[in-house]
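Novice: There's a structure below that I have some questions on.
Protein chains: 2
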Amino acid sequence: MVSRRHPIDVSELVERARQAEPRAVARLITLVESGSPKLREVAEQLMPYTGHAQVVGLTGSPGVGKSTCTAALVTALRQVGMRVGVLAVDPSSPFSGGALLGDRVRMQEHATDPGVFIRSMATRGHLGGLAAAAPQALRVLDAVGCDIVLIETVGVGQSEIEVVELADTTMVLLAPGMGDGIQAAKAGILEVADIFIVNKADREGADQVARDLRYMQSLGGRHSEAGAWRPPIVKTVAARSEGVAEVVAALDKHRAWMRRTGELQRRREHRAAAEVEAIAVEIVRRKFGEIHGAAALHELAVQVAAGKLDPYSAADELVGSLVT
Amino acid sequence: MVSRRHPIDVSELVERARQAEPRAVARLITLVESGSPKLREVAEQLMPYTGHAQVVGLTGSPGVGKSTCTAALVTALRQVGMRVGVLAVDPSSPFSGGALLGDRVRMQEHATDPGVFIRSMATRGHLGGLAAAAPQALRVLDAVGCDIVLIETVGVGQSEIEVVELADTTMVLLAPGMGDGIQAAKAGILEVADIFIVNKADREGADQVARDLRYMQSLGGRHSEAGAWRPPIVKTVAARSEGVAEVVAALDKHRAWMRRTGELQRRREHRAAAEVEAIAVEIVRRKFGEIHGAAALHELAVQVAAGKLDPYSAADELVGSLVT
Numbered sequence: 001m002v003s004r005r006h007p008i009d010v011s012e013l014v015e016r017a018r019q020a021e022p023r024a025v026a027r028l029i030t031l032v033e034s035g036s037p038k039l040r041e042v043a044e045q046l047m048p049y050t051g052h053a054q055v056v057g058l059t060g061s062p063g064v065g066k067s068t069c070t071a072a073l074v075t076a077l078r079q080v081g082m083r084v085g086v087l088a089v090d091p092s093s094p095f096s097g098g099a100l101l102g103d104r105v106r107m108q109e110h111a112t113d114p115g116v117f118i119r120s121m122a123t124r125g126h127l128g129g130l131a132a133a134a135p136q137a138l139r140v141l142d143a144v145g146c147d148i149v150l151i152e153t154v155g156v157g158q159s160e161i162e163v164v165e166l167a168d169t170t171m172v173l174l175a176p177g178m179g180d181g182i183q184a185a186k187a188g189i190l191e192v193a194d195i196f197i198v199n200k201a202d203r204e205g206a207d208q209v210a211r212d213l214r215y216m217q218s219l220g221g222r223h224s225e226a227g228a229w230r231p232p233i234v235k236t237v238a239a240r241s242e243g244v245a246e247v248v249a250a251l252d253k254h255r256a257w258m259r260r261t262g263e264l265q266r267r268r269e270h271r272a273a274a275e276v277e278a279i280a281v282e283i284v285r286r287k288f289g290e291i292h293g294a295a296a297l298h299e300l301a302v303q304v305a306a307g308k309l310d311p312y313s314a315a316d317e318l319v320g321s322l323v324t
Numbered sequence: 001m002v003s004r005r006h007p008i009d010v011s012e013l014v015e016r017a018r019q020a021e022p023r024a025v026a027r028l029i030t031l032v033e034s035g036s037p038k039l040r041e042v043a044e045q046l047m048p049y050t051g052h053a054q055v056v057g058l059t060g061s062p063g064v065g066k067s068t069c070t071a072a073l074v075t076a077l078r079q080v081g082m083r084v085g086v087l088a089v090d091p092s093s094p095f096s097g098g099a100l101l102g103d104r105v106r107m108q109e110h111a112t113d114p115g116v117f118i119r120s121m122a123t124r125g126h127l128g129g130l131a132a133a134a135p136q137a138l139r140v141l142d143a144v145g146c147d148i149v150l151i152e153t154v155g156v157g158q159s160e161i162e163v164v165e166l167a168d169t170t171m172v173l174l175a176p177g178m179g180d181g182i183q184a185a186k187a188g189i190l191e192v193a194d195i196f197i198v199n200k201a202d203r204e205g206a207d208q209v210a211r212d213l214r215y216m217q218s219l220g221g222r223h224s225e226a227g228a229w230r231p232p233i234v235k236t237v238a239a240r241s242e243g244v245a246e247v248v249a250a251l252d253k254h255r256a257w258m259r260r261t262g263e264l265q266r267r268r269e270h271r272a273a274a275e276v277e278a279i280a281v282e283i284v285r286r287k288f289g290e291i292h293g294a295a296a297l298h299e300l301a302v303q304v305a306a307g308k309l310d311p312y313s314a315a316d317e318l319v320g321s322l323v324t
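Quick note, the sequences are listed as chains H and V, same order.
Following the working numbering, the numbering of the first sequence begins with 1 at its first residue and continues without gaps.
Following the working numbering, the numbering of the second sequence begins with 1 at its first residue and continues without gaps.
Okay, structure coming up:
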């Protein structure tokens, strides 16, 4: 809660966060997540410090070992001296507002490491939704000097996909024995993944998962073009940290490729365009709300509910009242 | 696929659908779901026939027996001569685009009943998302003379909630022995449910689920106000059709209460306002896209990606270029 007697000094908060003071970082993220009126001021002040972090999305079905993998990856990145941010996105119950998956226990070892910032975000309860809140939280972690920000998310649901789309590099985790592991790896997954991780590689079926992935890659798609990035398939046993160094190497390689080809710039501009557009749409939605206050939207809604006007014509009128 | 040689005659299609010709109904729904250019024409022609159907949302965690309950309910409603529409909303894989839950087998008995229209919708693959497509599909089922349209959806995820919000009457299913059944029934569920169904009532723990619900209701909230609707708790064994007649009675009672109090009108106007606003936002988004074509959004995105401009100021510029 913000006290009226002590208004937030954004400059001071940003300064303290830039010195990696965990409470200041947490406070900044809370500010931007909640759509505070200070949001614009915070974004403005953070902008000059952004663009350094490699944003890495980590997704996969429940049970493939995402949390274990994230924890092992954080350890490995810390060992090479990197500052690491973790944004853990939990699908949350529509009714309780509480997170269904609260299993952050594997991250406990990092909880007191000053070079690691961990933040859990529920998919609900953010102004404008997770899709609006996540880029802001990312920006904070980027600006406070994280070299890598890992976004860990369950690969199911629209919100989670929107979050994955924030990443420079997307890693898709698979594991053998997940019912029909390769089912998850149909068509679309080849498009979204920059790196495949076959976790629990000590279990039966791991080689088959990797073979199936390779076979699907051989079928072509964008990765078969000359100079294109061909997503590597890395086998890990994250619980024993096996293969994690190879994941770090693959991340390095992907970043280098993205820089060399201009892909990093393209992805970030695409991301920025999506963010700007989403904020602009929110501004317009608020203006509709003001019109609503002036009863225009209500009048239109009454006619639509009565079957006297179709919603498209009503929307045209609403837009016409706002737009030149 | 639409053939160029045989352009769609919307009037004829609407006419045939109004005579309950299943293929015409299916074709209309496909048209509106896919955001066809004919969408506006279809909506316009359907409007005069809308407003008759009671839209009933049916939601609950996986495993409580939603499909079984829907099937039993359809049978009961058919027995009293009602025309019934079913909109089954399946969460779908983000990658494959295929539905995770395809279990419509219990509806097979209704597949050839001319008084029942069943439509499955995946949560993805619709222009503007499920939230945009579902009201259109509902409108078709309403306009072709359904007395009740059941929307069956898994009670998890943003899209599903948006769909539940389309209902006149929302039924929440619970079942004993669902791990921690009552957990799902925290705070918010009391607000969203108009009718509670405790399914699998022949199992141990069913009475406890009902008692817990009653206890929570006794704690107050909006339902304790004078004249307010107090959600009944109906016990069913849907697999044996037990208690289903009581569900039908509860639906009747809720509809009568909504009509008497003006709540039906309020909900429908609220829904219409949300739909009109969403369409208006889409129109504006498209206009931004046109601006994008003119490179303005791209220019702004480049500056944001470079850290030279914050996204809020960029959005202000974008809106400023469009709005008076």
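Note that CB positions come from ideal geometry on N, CA and C, so glycine has one too.
Every value quoted in this text rests on a predicted model; they were computed, and no experiment measured them.
Any beta carbon of chain V sitting closer than 9 angstroms to that of H/Ala306?
Specialist: The residue given as residue 306 of chain H occupies position 306 in the first sequence. Chain V contact via Cβ: present.
Novice: Is the Cβ of V/Val209 closer than 9 angstroms to any Cβ of chain H?
Specialist: Within the second sequence, numbered from 1, the residue matching residue 209 of chain V stands at position 209. No, its Cβ sits nowhere closer than 9 angstroms to a Cβ of chain H.
Novice: Relative to chain V, which residues along the segment 274–294 of chain H have a C-beta separation below 9 angstroms, given in chain order?
Specialist: Ala274, Glu275, Val276, Glu277, Ala278, Ile279, Ala280, Val281, Glu282, Ile283, Val284, Arg285, Lys287, Phe288, Gly289, His292
Novice: Any Cβ of chain H within less than 9 angstroms of the Cβ of V/Met258?
Specialist: Locating residue 258 of chain V in the second sequence gives position 258, counting from the first residue. Chain H contact via Cβ: absent.
Novice: Name the two residues that bound the continuous alpha helix (DSSP H) containing V/Gln217.
Specialist: Working through the second sequence from its first residue, we reach residue 217 of chain V at position 217. Per DSSP, V/Gln217 belongs to the alpha helix (DSSP H) from 206–218.
Novice: Between H/Glu238 and H/Val244, which are expected to be in contact by the criterion C-beta below 8 angstroms, what is the C-beta distance as a whole number of angstroms?
Specialist: The residue given as residue 238 of chain H occupies position 238 in the first sequence. The residue given as residue 244 of chain H occupies position 244 in the first sequence. In the sequence on display, residue 238 of chain H carries Ala and not Glu. A Cβ-Cβ distance of about 7 angstroms is found for the pair H/Ala238 and H/Val244, placing them in contact under the 8 angstroms criterion.
Novice: Are there 16 or more other CB atoms within 10 angstroms of the CB of H/His52, so buried, or fewer, so exposed?
Specialist: Residue mapping note: residue 52 of chain H aligns to position 52 of the first sequence, counting from 1. Counting Cβ neighbours within 10 Å, H/His52 comes out exposed, since fewer than 16 surround it.
Novice: Is V/Asp310 close to chain H, meaning its C-beta is less than 9 angstroms from at least one C-beta of that chain?
Specialist: The sequence position of residue 310 of chain V within the second sequence is 310, counting from 1. True, the Cβ-Cβ gap to chain H drops below 9 angstroms.
Novice: Give a yes or no on whether 9 angstroms exceeds the smallest Cβ distance from V/Val302 to chain H.
Specialist: What you label residue 302 of chain V is simply residue 302 of the second sequence in a count that begins at 1. By this cut-off, V/Val302 is an interface position.
Novice: With DSSP as the reference, please indicate the residues paired to V/Arg119 in a beta bridge.
Specialist: Looking up residue 119 of chain V in the second sequence gives position 119. BP columns for V/Arg119 point to V/Leu87.
Novice: Could you name the residues of chain A that V/His298 contacts, counting a contact when the two beta carbons are closer than 8 angstroms?
Specialist: Judged by its chain identifiers, the structure shown contains no chain A, and its protein chains are H and V.
Novice: For the candidate residues V/Ala210, V/Ala295, V/Ala273, V/Val10, whose alpha-carbon lies nearest to that of H/Glu277?
Specialist: One-based indexing of the first sequence puts residue 277 of chain H at position 277. It is V/Ala295.
Novice: Cα-Cα, which of V/Asp142, V/Ile279, V/Ser313, V/Val116 is closest to H/Pro311?
Specialist: Translated into positions along the first sequence, residue 311 of chain H becomes position 311. Looking at the Cα atoms, V/Ile279 is the closest of the given residues.
Novice: So, with DSSP's three-state summary, where would you put V/Ile197?
Specialist: Within the second sequence, the letter at position 197 stands for residue 197 of chain V. Correct three-state label for V/Ile197: strand.
Novice: Starting from V/Gly51, find everything on chain H with Cβ-Cβ shorter than 8 angstroms and list it in chain order.
Specialist: By 1-based counting over the second sequence, the position of residue 51 of chain V is 51. Against V/Gly51, the close residues of chain H are Ala305, Ala306, Gly307, in the order they occur along the chain (beta-carbon pairs closer than 8 angstroms).
Novice: At which residues does the alpha helix (DSSP H) containing H/Val10 begin and terminate?
Specialist: Within the first sequence, residue 10 of chain H is the residue found at index 10, counting from 1. From DSSP, the alpha helix (DSSP H) with H/Val10 extends over 10–18.
Novice: At 8 angstroms on the CB atoms, spell out the chain H contacts of V/Arg230, in chain order.
Specialist: For this step, residue 230 of chain V is matched to residue 230 along the second sequence. Near V/Arg230 there are no residues of chain H at all, since even the closest Cβ is about 19 angstroms away, more than 8 angstroms.
Novice: The alpha helix (DSSP H) that contains V/Gly320, what's its start and end?
Specialist: Locating residue 320 of chain V in the second sequence gives position 320, counting from the first residue. Note, V/Gly320: alpha helix (DSSP H), 311–320.
Novice: Output yes if chain H places a C-beta closer than 9 angstroms to the C-beta of V/Val89; else output no.
Specialist: Position 89 of the second sequence, counted from the start, is the residue given in the question as residue 89 of chain V. Chain H, which has no Cβ nearer than 9 angstroms to the Cβ of V/Val89, makes this no.
Novice: Would you check if the distance between the CB atom of H/Val89 and the CB atom of H/Ile151 is smaller than 9 angstroms?
Specialist: As a first step, residue 89 of chain H is located in the first sequence; it is residue number 89 there, counting from the start. As a first step, residue 151 of chain H is located in the first sequence; it is residue number 151 there, counting from the start. Contact flag set, yes.
Novice: Residues bridged to H/Gln54 by DSSP?
Specialist: Taking the first residue of the first sequence as 1, we reach residue 54 of chain H at position 54. In DSSP, H/Gln54 forms a bridge with H/Ile148.
Novice: With burial defined as no fewer than 16 other Cβ atoms inside 10 Å of the residue's Cβ, what is the status of V/Pro231: buried or exposed?
Specialist: Stepping through the second sequence from its first residue, residue 231 of chain V is reached at position 231. Classification of V/Pro231: buried, given that the 10 Å Cβ count is 16 or more.
Novice: Tell me whether the beta-carbon of V/Thr329 lies closer than 9 angstroms to the beta-carbon of V/Ser241.
Specialist: Nothing in the structure corresponds to residue 329 of chain V, since chain V is present only between 1 and 324.
Novice: With distances taken from CA atoms, which of V/Gln265, V/Leu219, V/Ala274 is nearest H/Arg285?
Specialist: As a first step, residue 285 of chain H must be located in the first sequence, where it is residue number 285. Comparing Cα-Cα distances from H/Arg285 to each of V/Gln265, V/Leu219, V/Ala274, the minimum goes to V/Ala274.
Novice: Take the Cβ of V/Ala137 as the centre, count every other Cβ of all protein chains shown within 10 Å, and call the residue buried at 16 or more, exposed below.
Specialist: Here residue 137 of chain V corresponds to residue number 137 of the second sequence, with the count starting at 1. Looking at its Cβ environment, which holds 16 or more other Cβ atoms inside 10 Å, V/Ala137 is buried.
Novice: Check each candidate in H/Glu204, H/Trp229, H/Glu41 and name the one with the smallest Cα separation from H/Phe196.
Specialist: Numbered from its first residue, the first sequence carries residue 196 of chain H at position 196. Ranking the options by Cα distance to H/Phe196, first place goes to H/Trp229.
Novice: Listing by chain order, which chain H residues have their CB less than 9 angstroms from the CB of V/Leu213?
Specialist: Numbered from 1 along the second sequence, position 213 holds the residue referred to as residue 213 of chain V. Residues of chain H passing the Cβ test: none, with the nearest at roughly 13 angstroms.
Novice: Using three-state DSSP, classify V/Leu166 as helix, strand or coil.
Specialist: The sequence position of residue 166 of chain V within the second sequence is 166, counting from 1. Here V/Leu166 carries a coil assignment [DSSP, helix/strand/coil].
Novice: At least one CB of chain H closer than 9 angstroms to the CB of V/Ala71: is that the case?
Specialist: Locating residue 71 of chain V in the second sequence gives position 71, where the first residue counts as 1. Answer no: the Cβ-Cβ gap between V/Ala71 and chain H never drops below 9 angstroms.
Novice: Taking V/Ala71 as the reference, which of V/Ser34, V/Leu46, V/Val319, V/Phe117 has the closest Cα?
Specialist: Here residue 71 of chain V corresponds to residue number 71 of the second sequence, with the count starting at 1. Nearest of V/Ser34, V/Leu46, V/Val319, V/Phe117 to V/Ala71, Cα basis: V/Phe117.
Novice: Measure the CB-CB distance between V/Leu173 and V/Gly65 and report whether it falls below 9 angstroms.
Specialist: As a position in the second sequence, residue 173 of chain V is number 173, starting the count at 1. As a position in the second sequence, residue 65 of chain V is number 65, starting the count at 1. Yes.
Novice: For H/Arg18 and H/Arg83, I'd like the C-alpha separation in whole angstroms.
Specialist: Taking the first sequence and counting its residues from 1, one reaches residue 18 of chain H at position 18. Taking the first sequence and counting its residues from 1, one reaches residue 83 of chain H at position 83. Each residue's alpha carbon lies about 12 angstroms from the other.
Novice: Is H/Asp316 close to chain V? Criterion is C-beta to C-beta, closer than 9 angstroms.
Specialist: For the purposes of this step, residue 316 of chain H is identified with residue 316 of the first sequence, where counting begins at 1. Yes, contact with chain V.
Novice: Counting only beta-carbon separations shorter than 9 angstroms, does V/Pro176 have a partner in chain H?
Specialist: To locate residue 176 of chain V, count along the second sequence from 1; it is residue 176. Taking Cβ atoms only, chain H never reaches closer than 9 angstroms to V/Pro176, which makes this a no.
Novice: In whole angstroms, what is the alpha-carbon distance linking H/Ala201 and H/Ser36?
Specialist: Your numbering for residue 201 of chain H matches position 201 in the first sequence. Your numbering for residue 36 of chain H matches position 36 in the first sequence. Each residue's alpha carbon lies about 45 angstroms from the other.
Novice: Spatial neighbours of H/Ile182 within its chain, please: CB distance less than 7 angstroms, with the 5 preceding and 5 following residues excluded, ordered by chain position.
Specialist: Residue 182 of chain H sits at position 182 when you count from the first residue of the first sequence. Because H/Ile182 carries a pLDDT of 48, less than 50, the predicted location of this residue cannot be relied on, and the following value inherits that uncertainty. Within the same chain, H/Ile182 has close Cβ partners Val209, Asp212.
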